[in-house]
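Worksheet: one structure, shown below.
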Amino acid sequence: MVTIPMPAASLLVAVDQSADHLSGMHNASWLAMRDGTMGKLFPNALKVPHEIATADFTPNVESIRALNPDVVVQWSDSQLTEPLENAGLKVLGLTNTGQQSDVDTWVTLFSEMLGKPERASAMKSRSDHELTRIRALASGRSRPGPGILYFNRFTGGLKVAANGSYNDFYIKLVGGSNPATADTGVKGSGMVGVDVEQVLAWNPEVILLGNFDGALPQDLYSDPVWQNVAAVRHRRVYKVPLGGYRWDPPGQESPLMWQWLTDISFPGQVPSPLRGAIPDYYRFLYGRAPDSAEIDTMLWMSVNSQSADYEQFRGA
Numbered sequence: 001m002v003t004i005p006m007p008a009a010s011l012l013v014a015v016d017q018s019a020d021h022l023s024g025m026h027n028a029s030w031l032a033m034r035d036g037t038m039g040k041l042f043p044n045a046l047k048v049p050h051e052i053a054t055a056d057f058t059p060n061v062e063s064i065r066a067l068n069p070d071v072v073v074q075w076s077d078s079q080l081t082e083p084l085e086n087a088g089l090k091v092l093g094l095t096n097t098g099q100q101s102d103v104d105t106w107v108t109l110f111s112e113m114l115g116k117p118e119r120a121s122a123m124k125s126r127s128d129h130e131l132t133r134i135r136a137l138a139s140g141r142s143r144p145g146p147g148i149l150y151f152n153r154f155t156g157g158l159k160v161a162a163n164g165s166y167n168d169f170y171i172k173l174v175g176g177s178n179p180a181t182a183d184t185g186v187k188g189s190g191m192v193g194v195d196v197e198q199v200l201a202w203n204p205e206v207i208l209l210g211n212f213d214g215a216l217p218q219d220l221y222s223d224p225v226w227q228n229v230a231a232v233r234h235r236r237v238y239k240v241p242l243g244g245y246r247w248d249p250p251g252q253e254s255p256l257m258w259q260w261l262t263d264i265s266f267p268g269q270v271p272s273p274l275r276g277a278i279p280d281y282y283r284f285l286y287g288r289a290p291d292s293a294e295i296d297t298m299l300w301m302s303v304n305s306q307s308a309d310y311e312q313f314r315g316a
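Taking full-length UniProt numbering, the leading residue of the sequence shown gets 1, the next gets one more, and so forth.
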């Protein structure tokens, strides 16, 4: 399989518990594997060709044909699938509506193609259990959650998660609110460009920095422009974890993201249950667990060390 949507490569590896059926992937998928945990768990994945599409998912048809794949996984937009189909390639189109049901569907499709339907049932059952647990935690609180703003891009132009994004889904799942989708939010859906003045007006209480650029909490803490934002004043700016894949978009490690976001949004339990849950979840997903140093890297312990309540994730 060649996978062009960025979450698809690591998701395929998780379903298969192997990189053996991955014959090509998007460069951004490969970078996440190189910089995250996946490349350590499955080093052969880093040998897979990854120059097969542009940043906007336009396929390099000749490069893909040279790999002779049985199937190419692509976003379901006809402009992205037709060049591949016209070249005689078999294409599986994925849709993304910003909901957990998308991930469930992707897992089911991959499981069927790999001849492992039981794997989809197991992964969905575990994810559903965590979804129910996180929802119960959120509904059981007596106080409203913080305003949480997710930056898909920070350096070189600001882009925030708006309506229809998976980030908006999990912000609200844990009991937070997203100023970008409030009455004074942005028009449009997905990742939407904003200016500094808009963010200052929203005054978010928590800021999440995604893994699609190099922005770090210290960039905001040291910049006078951001000093009046509540998230900066109270040191509640966090780099989102990078595990087997980036935790900010939808994927197989999303249940871990829900727990992480719950813990930084509603700090209280020390230590957090997240660190103890990661090895077990990784054994379930990948058949092997990260060590303590790898968990530190995954959670950006050093990068986030100056942010409030992050010691809850520290190992013994």
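All residues carry an ideal CB built from backbone N, CA and C; glycine is no exception. All values derive from a computational prediction rather than experimental measurement.
Rounded straight-line distance, which links the Cα of residue j to that of residue i
| i | j | result |
| --- | --- | --- |
| residue 179 | residue 185 | 6 Å |
| residue 48 | residue 24 | 6 Å |
| residue 212 | residue 10 | 16 Å |
| residue 232 | residue 216 | 12 Å |
| residue 220 | residue 125 | 39 Å |
| residue 202 | residue 181 | 11 Å |
| residue 90 | residue 200 | 48 Å |
| residue 123 | residue 254 | 11 Å |
| residue 267 | residue 61 | 48 Å |
| residue 262 | residue 276 | 15 Å |
| residue 314 | residue 298 | 12 Å |
| residue 286 | residue 144 | 36 Å |
| residue 45 | residue 39 | 6 Å |
| residue 206 | residue 251 | 22 Å |
| residue 196 | residue 158 | 8 Å |
| residue 279 | residue 142 | 32 Å |
| residue 247 | residue 5 | 15 Å |
| residue 224 | residue 218 | 12 Å |
| residue 292 | residue 17 | 21 Å |
| residue 63 | residue 152 | 29 Å |
| residue 86 | residue 264 | 48 Å |
| residue 118 | residue 92 | 20 Å |
| residue 150 | residue 209 | 6 Å |
| residue 177 | residue 163 | 12 Å |
| residue 12 | residue 120 | 11 Å |
| residue 139 | residue 101 | 21 Å |
| residue 67 | residue 88 | 13 Å |
| residue 20 | residue 115 | 14 Å |
| residue 50 | residue 36 | 16 Å |
| residue 81 | residue 94 | 10 Å |
| residue 148 | residue 171 | 7 Å |
| residue 72 | residue 109 | 13 Å |
| residue 34 | residue 42 | 10 Å |
Residue range of the unbroken beta strand (DSSP E) whose run includes residue i
| i | result |
| --- | --- |
| residue 239 | 237-239 |
| residue 193 | 191-194 |
Strand pairing of residue i, partner residues [DSSP]
| i | result |
| --- | --- |
| residue 59 | 53 |
| residue 151 | 160 and 209 |
| residue 177 | 147 |
| residue 242 | 246 |
Three-state secondary structure assigned by DSSP to residue i
| i | result |
| --- | --- |
| residue 162 | coil |
| residue 74 | strand |
| residue 103 | helix |
| residue 3 | strand |
| residue 216 | coil |
| residue 91 | strand |
| residue 24 | strand |
| residue 312 | helix |
| residue 110 | helix |
| residue 45 | helix |
| residue 37 | coil |
| residue 302 | coil |
| residue 68 | coil |
| residue 227 | coil |
| residue 203 | coil |
| residue 19 | coil |
| residue 96 | coil |
| residue 168 | helix |
| residue 29 | helix |
| residue 271 | coil |
For residue i, the first and last residue of its enclosing alpha helix (DSSP H)
| i | result |
| --- | --- |
| residue 276 | 274-286 |
| residue 12 | 8-16 |
| residue 119 | 117-139 |
| residue 233 | 230-233 |
| residue 293 | 292-298 |
| residue 263 | 254-265 |
- Item | Three CB pairs or more closer than 8 Å across the region 261-276 and the region 11-31 | In this structure the region 261-276 does not lie against the region 11-31, because fewer than three pairs of beta carbons, one per stretch, are closer than 8 Å.
- Query: Taking one C-beta from the region 42-59 and one from the region 74-81 each time, how about it: are there three or more such pairs within less than 8 Å?
  - Reply: Result yes; three or more Cβ-Cβ pairs closer than 8 Å.
- Can at least three beta-carbon pairs, one atom from the region 120-135 and one from the region 186-194, be found at a separation below 8 Å? Contact fails between the region 120-135 and the region 186-194, because fewer than three Cβ pairs, one in each stretch, are under 8 Å apart.
- Inspect the CB distances between the region 303-313 and the region 222-241 and report whether three or more fall short of 8 Å. Output reads yes: the region 222-241 touches the region 303-313.
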